[in-house]
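>
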Amino acid sequence: MFDDDVTTVAFMERGAQQIARNLRRKDVAFLQTLVEQYQYRLVRYLIYLLGRRDGVDDLVQETWLRVLERGSSYDGHSRFEPWLFRIARNLAFDDLRKRPTFSPDSAQSEDCDPAALSPASTAPSPFLLAARSEDAQRLAHSMQTLDPACREALVLRFQEDLSLQEISIIADAPVSTVASRIYRALATLRTQLEERKS
Amino acid sequence: MISNRHEPFQNMIDEALVAGTSASAQPQLDEHLQSCAQCREYLETTTRAIASLGGFSFEVDPTLQAKVSDAISLRAQQLEPTQFSANRLVMACILAVALTVAGSFFDIKFSGLLASVLDLHQAHLQHGLLTFWIIPSLFLLLLFPMLPLLSRRKERIL
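So the sequences go chain by chain: X and S. Using this note's numbering, the letters of the first sequence correspond one by one to residues 120 to 317. Using this note's numbering, the letters of the second sequence correspond one by one to residues 4 to 161.
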């Protein structure tokens, strides 16, 4: 088991270094394979972060252009995903800052209060549209009203399988804050499932 | 206030699912779960909540990848001349440094010898070297780093 872990880590490091090398060379063909590989995950992360679908495709494109331009700043010593998601997050926040409804405090809030980052929208909830299972349908509304920071922590921990340390780097928050966000988000979802059951 | 005796175990369950439980706490938690239906249900509901995240499947625009690839190719083409001119600028700076150093070295070491061969005054030869070699290379050396600033200014004016 320990040998397997060591092999996996070594494989991941080699992968990260290969990505770093190709990004330094601005290898367009390699970047396009990364786009294909990470497309869905990037879209999903941005939807969780923003709580909306509109504008996500533009942010995905901007993210990859930023990766092309600043690829040399990725050193390959850590996993690629946190670096990629941090770029996407910064661009999403830059975009939100241009909107009149944005409050910088809400972006760093620890509470899972109703979404403060997501601007009011008449568009249907992306979570409702994306719910494929019975439980997901039950939780779609709660997902929409969760604090974006909590949603972000949820998707990074349980869908992207990132460690709390990696999430804390992406979210620019202490590990304890990230853990607290996940506990609060889980409490909200649990309550929703329990209510439906009762 | 009556403390909930399940709370410490439920916190342990959360911690186990989010950050992983320490090896020392695991047997204690397992033992409690065997005897406590309420905590078992808590674990089951939390696990269900986490699993339900996999039940969200977002639609991705099928043309998105092509759009992103086109944008990347275009930006890469735009970046190439910048990269090329940056390399050229560095080369020119190195050349200017080499010329300045070589001129100064020649002036110090060989100006006396050359002056005697050409039957000139050493001071005159040194002034000549300074005017036609060292100062122009020094000027080039100072000018090259300013070129990007000048070109940016020109772009702004245009």
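Think of the CB as a built atom: it goes at the ideal place given N, C-alpha and C, for glycine as much as any other residue.
List the residues that DSSP assigns as beta-bridge partners of residue 59 of chain S.
X/250
> Please tell me whether residue 271 of chain X and residue 208 of chain X are closer than 9 Å, where the distance is taken between their beta carbons.
yes
> Between X/243, X/310, X/307, which lies nearest to residue 171 of chain X when the distance is taken from Cα to Cα?
X/243
> With DSSP run on the structure shown, which of helix, strand or coil describes residue 7 of chain S?
coil
> Looking only at C-alpha atoms, which of X/287, X/292, X/297, X/277 sits nearest to residue 49 of chain S?
X/277
> Do residue 210 of chain X and residue 358 of chain X come within 9 Å of each other at the CB atom, strictly closer than that value?
Because chain X here runs from 120 to 317, residue 358 of chain X falls outside it and cannot be looked at.
> Run down chain X in chain order and give the residues with a C-beta less than 8 Å from the C-beta of residue 75 of chain S.
147, 150, 151, 154, 183, 184, 187
> For chain X, check one thing: does any of its Cβ atoms lie closer than 9 Å to the Cβ of residue 142 of chain S?
For residue 142 of chain S, the answer is no, since every Cβ of chain X falls outside 9 Å of its Cβ.
> Note down, in chain order, each residue of its chain lying with its Cβ closer than 8 Å to the Cβ of residue 43 of chain S, except the 5 sequence neighbours on either side.
36
> Does DSSP classify residue 172 of chain X as helix, strand or coil?
coil
> Using the rule of at least 16 other Cβ atoms within 10 Å of the residue's Cβ for burial, across every protein chain shown, is residue 234 of chain X buried or exposed?
Note that residue 234 of chain X scores 46 on pLDDT, short of 50, meaning its location in the model is unreliable; the coordinates nonetheless yield the value given after this. Residue 234 of chain X should be labelled buried.
> Give me the chain X residues within the contact set of residue 28 of chain S, using Cβ-Cβ distance strictly less than 8 Å, ordered along the chain.
Per Cβ cutoff of 8 Å: no residues; residue 28 of chain S is ~16 Å from chain X at best.
> Against residue 51 of chain S, what residues of chain X qualify as contacts under a CB-to-CB distance less than 8 Å, listed in chain order?
Correct list: 254, 312.
> Using C-beta distances below 8 Å, list every residue in its chain close to residue 105 of chain S, excluding the 5 sequence neighbours before and after it, in chain order.
Nothing listed; no residue qualifies.
> At a Cβ threshold of 9 Å, is residue 287 of chain X touching chain S?
no
> Measure the beta-carbon distance from residue 249 of chain X to residue 60 of chain S and round it to whole angstroms, keeping in mind my assumption that it falls under 8 Å.
Contact between residue 249 of chain X and residue 60 of chain S is confirmed by a C-beta separation of about 6 Å, below the 8 Å threshold.
> Beta-carbon of residue 43 of chain S versus every beta-carbon of chain X: anything under 9 Å?
By the rule that beta-carbons nearer than 9 Å mark a contact, residue 43 of chain S does not touch chain X.
> Kindly list the residues whose CB is nearer than 6 Å to the CB of residue 9 of chain S, restricted to its own chain and excluding five residues on each side of it in sequence; keep chain order.
41, 42
> Apart from the five residues just before and just after residue 100 of chain S, which ones in its own chain have a Cβ nearer than 7 Å to its Cβ?
144
> Can you check which of these residues, X/167, X/273, X/137, is closest to residue 191 of chain X by C-alpha distance?
Checking every option, the nearest Cα to that of residue 191 of chain X belongs to X/137.
> Report the residue from X/254, X/157, X/142 whose alpha carbon sits nearest the alpha carbon of residue 314 of chain X.
Nearest of X/254, X/157, X/142 to residue 314 of chain X, Cα basis: X/254.
> At what residues does the alpha helix (DSSP H) containing residue 267 of chain X begin and finish?
267-273
> Does any CB atom of chain S fall closer than 9 Å to the CB of residue 234 of chain X?
The predicted position of residue 234 of chain X is uncertain, since its pLDDT is 46 and thus under 50; a value taken from the coordinates is nonetheless stated next. Not closer than 9 Å to any Cβ of chain S, the Cβ of residue 234 of chain X fails to qualify, so no.
> In terms of residue numbering, what span does the alpha helix (DSSP H) encompassing residue 244 of chain X cover?
Counting along the chain, residue 244 of chain X falls outside any alpha helix (DSSP H), and DSSP gives it neither H nor E.
> At which residues does the alpha helix (DSSP H) containing residue 290 of chain X begin and terminate?
That run of the alpha helix (DSSP H) goes 283-290.
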